[in-house]
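Undergrad: Just so you know, the sequence shown maps onto residues 276 to 678 in the numbering used here. Backbone N, C-alpha and C fix where the C-beta goes; we use that ideal spot for every residue, glycine too. If you scroll down you'll find the structure; I have some questions about it.
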Amino acid sequence: MTRPRVAVYHDLPPGGALRSLWELVTRSRNELEHVVFTVDRGDTAEGEPAGADDVEVHRLPLPPGSESPVGTWAREVPRLLAAERRLARRLDAAGFDAVVTHPSRRTQAPHLLSVLTTPSVYFAQEPRRQSFEYELRPWRRHRGVRRVAAAVVDTAIAGIDRTAARAATALICNSEHTREYLWRAYGREATVVPLGVDTDRFRPDPGTVRRHEVLAVAAIERPKGLDLAVDALALLPPDLRPRLRVVHNRADPRHRRELAERAADRGVEIVYDHAVDDETLVERYRHARLCLLTARVEPLGLTALEALACGTPVVAVREGGYRETVVDGVTGLLTDRRPEAVARALTTVLTRSFAPEPAFLHRQVARTRGWDTAVERYVEAVTAVIGTAGARSAAALHPQVTK
């Protein structure tokens, strides 16, 4: 039986979402034939697994653009939209049975969805939160003319995202929390594909000696809540206080400086690991006393699952997807978003008042978050759109976006 041919388009940075994309592509190879298209930013190959050599990958260069007074996004987005329009024509002409798109670094839902006629599935990791959450509005960082310019650009990108998300034939997402948020944001239902972890790679090592450190795997950006981690650690007695190790793929330079000053003022030691490979990431999980998750309204919390699979307990704020990936009092501790509450949870783990066995944590993840269910739902979602009349085309919803 001939497998359906599926084009996959993404503009994801290295990290959990990109690892999940490749897990789905490689684990569903018996049911679907994938061809991957990605924007070439020089870092996308970092997330491609060694076992994906049989998957055809096309890297799409962005054409050069002119300077603009409103910043990188305004310079790049028009070029990205043009590149995605060309790609849409290419994919439609190639006769793919379906196109699966993942988020864009610039527009969230990629403009490609708005101009495809091939049936499409959008894997929405989360809505474009800057469009809906006041604290994340980009223009708030500016004043005067730059504030007005940033607001204009942000409004335009929000429109691109909204139109594209509504144009997809179907949506899939990573958690019940995200499913509800997508409905509020775009008025679209989504199918939850419960992402898992490769429990053969992410697993405990009985010979590992724990270091006196707490691990955070997060971008150094304000929404990730690392300031809360520093404040909570500062409340611990010096003889109990571990250092904070931050593994990250990207950083806001201003926020990193602020975080360093905050930690120095409070007597908290921070060490940074940038862009580590999977082998090093597993080693960091295994050596930590615990993994601390403080991001605001995280859509899923794949980091929690990876830590648990490596046998490391988790302390997480009781928000968003963490409530679905952490079983409070069993695999980790959920806590309020207050330094005092987080500090109490840290103390409970560091003093071994809560000390689940690493093998138990690994078994829990393997039993509840293996990849079989995710792959099954993914394949069902993709095959369900094949043969439909095509995408909910934005040409019909908003004719002006395709000009």
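Restricting to runs no shorter than 4 residues, where is the alpha helix (DSSP H) found entirely within the region 430–509?
TA: 451–461 and 501–509
Undergrad: Skipping 5 residues on each side, what residues in its chain have a beta carbon closer than 6 Å to that of residue 561?
TA: Taking the first residue of the sequence shown as position 1, residue 561 is located at position 286. Result list for residue 561: 480, 483 and 585, in chain order.
Undergrad: Residue 359 to residue 432, Cα distance in whole Å?
TA: Within the sequence shown, residue 359 is the residue found at index 84, counting from 1. Within the sequence shown, residue 432 is the residue found at index 157, counting from 1. Between residue 359 and residue 432, the C-alpha separation is close to 15 Å.
Undergrad: Look at residue 375 and residue 396 and say whether their C-beta atoms are less than 8 Å apart.
TA: By 1-based counting over the sequence shown, the position of residue 375 is 100. By 1-based counting over the sequence shown, the position of residue 396 is 121. The beta carbons of residue 375 and residue 396 sit closer together than 8 Å.
Undergrad: Taking only three categories from DSSP, how would you classify residue 400?
TA: Here residue 400 is taken as the residue at index 125 of the sequence shown, counted from 1. Secondary structure at residue 400: coil, using DSSP grouped into helix, strand and coil.
Undergrad: Which of helix, strand or coil does DSSP assign to residue 523?
TA: Position 248 of the sequence shown holds residue 523. DSSP places residue 523 in strand when its eight states are reduced to three.
Undergrad: Using 10 angstroms around the beta-carbon of residue 278, count the other beta-carbons present and answer buried if the total reaches 16, otherwise exposed.
TA: Working through the sequence shown from its first residue, we reach residue 278 at position 3. Counting Cβ neighbours within 10 Å, residue 278 comes out exposed, since fewer than 16 surround it.
Undergrad: Tell whether a beta-carbon distance below 8 Å holds between residue 394 and residue 660.
TA: By one-based count along the sequence shown, residue 394 stands at place 119. By one-based count along the sequence shown, residue 660 stands at place 385. Cβ distance < 8 Å, so residue 394 and residue 660 count as in contact.
Undergrad: Taking the alpha helix (DSSP H) that residue 562 belongs to, which residues open and close that run?
TA: The count along the sequence shown starts at 1 and reaches residue 562 at position 287. Start and end: 553–562.
Undergrad: Is the region 534–546 close to the region 507–518, with three or more CB pairs under 8 Å?
TA: yes
Undergrad: Quick check on the DSSP output: the beta strand (DSSP E) that includes residue 313 runs from which residue to which?
TA: Here the question's residue 313 lines up with position 38 in the sequence shown. That run of the beta strand (DSSP E) goes 308–314.
Undergrad: Alpha carbon to alpha carbon, what distance is there between residue 335 and residue 290?
TA: For this step, residue 290 is matched to residue 15 along the sequence shown. For this step, residue 335 is matched to residue 60 along the sequence shown. Cα to Cα, residue 290 sits roughly 20 Å from residue 335.
Undergrad: Using only CA atoms, which one of 362, 488 and 552 lies nearest to residue 587?
TA: Indexing the sequence shown from 1 puts residue 587 at position 312. Ranking the options by Cα distance to residue 587, first place goes to 488.
Undergrad: With three or more C-beta pairs closer than 8 Å as the rule, is the region 587–602 touching the region 618–626?
TA: yes
Undergrad: Assess contact between the region 539–552 and the region 409–428, defined as three or more Cβ pairs (one per stretch) separated by less than 8 Å. Is contact present?
TA: no
Undergrad: CB residue 437 to CB residue 461, shorter than 8 Å?
TA: Your numbering for residue 437 matches position 162 in the sequence shown. Your numbering for residue 461 matches position 186 in the sequence shown. Contact: yes.
Undergrad: May I ask you to report which of helix, strand or coil DSSP gives residue 295?
TA: Position 20 of the sequence shown, counted from the first residue, corresponds to residue 295. Correct three-state label for residue 295: helix.
Undergrad: Can the beta-carbon of residue 471 be found less than 8 Å from the beta-carbon of residue 644?
TA: Looking up residue 471 in the sequence shown gives position 196. Looking up residue 644 in the sequence shown gives position 369. Cβ atoms of residue 471 and residue 644: closer than 8 Å.
Undergrad: Are at least three pairs of beta-carbons, each pair with one atom in the region 375–385 and one in the region 282–296, less than 8 Å apart?
TA: yes
Undergrad: Between which two residues does the alpha helix (DSSP H) carrying residue 619 extend?
TA: One-based indexing of the sequence shown puts residue 619 at position 344. 614–625 is the extent of the alpha helix (DSSP H) around residue 619.
Undergrad: Roughly how far, in whole angstroms, is the beta-carbon of residue 387 from the beta-carbon of residue 362, given that I think they are within contact range, below 8 Å?
TA: Within the sequence shown, the letter at position 112 stands for residue 387. Within the sequence shown, the letter at position 87 stands for residue 362. Contact holds; Cβ gap of about 6 Å.
Undergrad: Please classify residue 344: does DSSP put it in a helix, a strand, or coil?
TA: Here residue 344 corresponds to residue number 69 of the sequence shown, with the count starting at 1. Here residue 344 scores only 42 on pLDDT, less than 50, and its place in the model should not be relied on; the value that follows carries that caveat. Coil.
Undergrad: My guess is that residue 300 and residue 332 are in contact by the Cβ rule of under 8 Å, so how many angstroms apart are they, rounded?
TA: Position 25 of the sequence shown holds residue 300. Position 57 of the sequence shown holds residue 332. Cβ atoms of residue 300 and residue 332 stay farther apart than 8 Å, at about 10 Å.
Undergrad: Is it true that the CB of residue 323 sits closer than 8 Å to the CB of residue 280?
TA: Position 5 of the sequence shown holds residue 280. Position 48 of the sequence shown holds residue 323. No, the Cβ-Cβ distance between residue 280 and residue 323 is not below 8 Å.
Undergrad: Checking the sheet assignment: what are the DSSP bridge partners for residue 548?
TA: Along the sequence shown, read from residue 1 onward, the residue named residue 548 stands at position 273. Residue 548 pairs with 522.
Undergrad: Across which residues does DSSP place residue 383 in a beta bridge pair?
TA: Residue numbering aside, residue 383 sits at position 108 when the sequence shown is read from its first letter. Answer by DSSP bridge pairing, in chain order: 379.
Undergrad: Rounded C-beta distance between residue 681 and residue 490? I'm assuming under 8 Å.
TA: Since the first and last residues shown for the chain are 276 and 678, residue 681 lies out of range.
Undergrad: Is residue 594 near residue 617, with beta carbons less than 8 Å apart?
TA: On the sequence shown, position 319 is the one that residue 594 refers to. On the sequence shown, position 342 is the one that residue 617 refers to. Not in contact: residue 594 and residue 617 (Cβ atoms no closer than 8 Å).
Undergrad: Between the alpha carbons of residue 633 and residue 404, how many angstroms are there, rounded?
TA: For the purposes of this step, residue 633 is taken as residue 358 along the sequence shown, with counting starting at 1. For the purposes of this step, residue 404 is taken as residue 129 along the sequence shown, with counting starting at 1. Using only the alpha carbons, I get a separation of about 35 Å.
Undergrad: May I have the straight-line CA-CA distance separating residue 657 from residue 373, to the nearest angstrom?
TA: In the sequence shown, residue 657 corresponds to position 382, counting from 1. In the sequence shown, residue 373 corresponds to position 98, counting from 1. Rounded to the nearest angstrom, the two C-alpha atoms are 7 Å apart.
Undergrad: Does DSSP classify residue 421 as helix, strand or coil?
TA: Walking along the sequence shown from the start, residue 421 turns up at place 146. Three-state result, residue 421: helix.
Undergrad: Quick one, are the C-beta atoms of residue 498 and residue 570 less than 8 Å apart?
TA: Translated into positions along the sequence shown, residue 498 becomes position 223. Translated into positions along the sequence shown, residue 570 becomes position 295. For residue 498 and residue 570, yes; Cβs fall inside 8 Å.
Undergrad: Let me make sure I understand the geometry here. Which of 439, 353 and 418 has the alpha-carbon closest to that of residue 392?
TA: Here the question's residue 392 lines up with position 117 in the sequence shown. The shortest Cα separation from residue 392 among 439, 353 and 418 belongs to 439.
Undergrad: For the alpha helix (DSSP H) that contains residue 541, what are its first and last residues?
TA: Taking the first residue of the sequence shown as position 1, residue 541 is located at position 266. Taken as a continuous stretch (DSSP letters only), the alpha helix (DSSP H) holding residue 541 covers 528–541.
Undergrad: With a CB to CB cut of under 8 Å and the five nearest residues on each side skipped, what residues in its chain are close to residue 653?
TA: Taking the first residue of the sequence shown as position 1, residue 653 is located at position 378. For residue 653, where only same-chain residues beyond five positions count, the Cβ hits under 8 Å are 299, 303, 447 and 468.
Undergrad: Just mark residue 600 as buried or exposed, buried being the case when its beta carbon has 16 or more other beta carbons within 10 Å.
TA: Mapped onto the sequence shown, residue 600 falls at position 325. Residue 600 is buried by the Cβ-count criterion.
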